[in-house]
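Q:
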Amino acid sequence: MIAEGLAPSTVNKLLAKLSACINWAKLNGHINHDYTKGLKLKGIESSRKAFTDDELKAIAKTVSDEPEDTKRLFGQVAMVTGARAGEVAQLLKEDIKKVDDVWVIDINDGGPRTLKTKHSKRCVPLTDGALGFSLAGFLSHVESLPDDSAPVFNMSRDVASKWFNEKVLPKAMSKTPDHVLHSLRHTVASRLKVSGCSETDAESILGHASQSLSFSLYGKGQAINRIAESLKAALL
């Protein structure tokens, strides 16, 4: 499959689906052995790279210069939250709210929304003034939306990715295959680590989960103010 041009990570995803089918067949008596158990390419890591400080500044400037409000705000929200493109794209007006006096985006799977994993469900604070992001300007846009079920950006993940990868990046820097919209997520993760953010708070912000940590605090007094400060330390 790699010889046919598939990325190693994609191969592993396909192998996981194959393994699930074979395991079902074994459990239901159709075959005697499951030889796919544990079958995957080893040592595979994401090739997506974080942006350097200078690259991020150039990207922030390019995004700020975008004349179309929804695209500009999409890029800025992605930069200051580290949220996945799909998570940002599916935000509705009702998902922009205050929690403990902190403005956040509420990433959830209600209604038409979907989540990558159960740990993706979270609230992420919005950092005013970071990378050209104006909270007041963003809230003004949100307030102008017709109703609570209105999409904040009215733009699909694919459209947003195409805009960022083909319009923003070439203007801001020498584009490489390792840098795409998803690199913003890696950048936030990297900055959180460098700023000394705890692993627990970083994973809570990014919607990750380790083998030993489970973030079940969502909706149960999650320390929004603490992770808001962590984001400020990383972004400002």
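Numbering (this note's numbering), first residue to last: 1 to 236.
All C-beta atoms in this analysis are idealised placements derived from N, C-alpha and C, irrespective of residue type, glycine included.
(1) Taking the continuous beta strand (DSSP E) assigned at Arg122, which residues delimit it?
(2) Drop a sphere of 10 angstroms on the beta-carbon of Asp106, count the other beta-carbons inside from all chains shown, and report buried for 16 or more, exposed for fewer.
(3) Look at Leu168 and Phe133 and say whether their C-beta atoms are less than 9 Å apart.
(4) On the three-state DSSP scale, how would you describe Leu243?
(5) What does DSSP give as the partner residue(s) for Lys71 in the beta ladder?
(6) Pull the bridge partners of Pro151 from the DSSP assignment, please.
(7) Going by alpha carbons, who is nearest to Asp128 out of Pro151, Lys17 and Leu236?
(8) Leu92 to Pro67, Cα distance in whole Å?
(9) Answer with buried or exposed for Ser212, where buried requires no fewer than 16 other C-beta atoms within 10 angstroms of its C-beta.
(10) Please list, in chain order, all residues of the same chain as Ser156 whose beta carbon is under 7 Å from its beta carbon, the five residues on each side excluded.
(11) Could you tell me whether the Cβ atoms of Asp69 and His186 are closer together than 9 Å?
(12) Cβ of Glu87 within 9 Å of Cβ of Gly196?
(13) Between the stretch 158 to 167 and the stretch 95 to 114, do at least 3 Cβ pairs fall closer than 8 Å?
(14) When DSSP labels each residue in this structure, what does Val142 get in the three-state scheme?
(15) Between the Cα of Leu18 and those of Gly111, Tyr35 and Ala130, spot the shortest distance and give me the residue it belongs to.
A: So, to answer that:
(1) By 1-based counting over the sequence shown, the position of residue 122 is 122. For Arg122, the uninterrupted beta strand (DSSP E) segment begins and ends at Arg122 to Pro125.
(2) Reading the sequence shown from its first residue, position 106 is the one you call residue 106. That one is buried.
(3) To locate residue 168, count along the sequence shown from 1; it is residue 168. To locate residue 133, count along the sequence shown from 1; it is residue 133. Residue identity differs from the one stated: residue 168 is Val in this sequence, not Leu. Using a Cβ distance threshold of 9 Å, Val168 and Phe133 do not count as a contacting pair.
(4) Since the first and last residues shown for the chain are 1 and 236, residue 243 lies out of range.
(5) The count along the sequence shown starts at 1 and reaches residue 71 at position 71. Answer is none; Lys71 lacks a bridge partner.
(6) For the purposes of this step, residue 151 is identified with residue 151 of the sequence shown, where counting begins at 1. Paired residue(s): Leu92.
(7) Walking along the sequence shown from the start, residue 128 turns up at place 128. Measuring from the Cα of Asp128, the nearest candidate turns out to be Leu236.
(8) For this step, residue 92 is matched to residue 92 along the sequence shown. For this step, residue 67 is matched to residue 67 along the sequence shown. In a straight line, the C-alpha of Leu92 is about 22 Å away from that of Pro67.
(9) Walking along the sequence shown from the start, residue 212 turns up at place 212. A caution first: Ser212 carries a pLDDT of 32, below 50, which makes its placement in the model too unreliable to give a value.
(10) Residue numbering aside, residue 156 sits at position 156 when the sequence shown is read from its first letter. Closer than 7 Å at Cβ, skipping near neighbours: Ala89.
(11) In the sequence shown, counting from the first residue as 1, residue 69 sits at position 69. In the sequence shown, counting from the first residue as 1, residue 186 sits at position 186. No. Outside cutoff.
(12) As a working mapping, residue 87 is identified with position 87 in the sequence shown. As a working mapping, residue 196 is identified with position 196 in the sequence shown. The answer is no: Cβ separation not under 9 Å.
(13) No contact exists between the stretch 158 to 167 and the stretch 95 to 114.
(14) As a first step, residue 142 is located in the sequence shown; it is residue number 142 there, counting from the start. Helix at Val142.
(15) Taking the first residue of the sequence shown as 1, we reach residue 18 at position 18. Of the listed residues, the one whose Cα sits closest to Leu18 is Tyr35.
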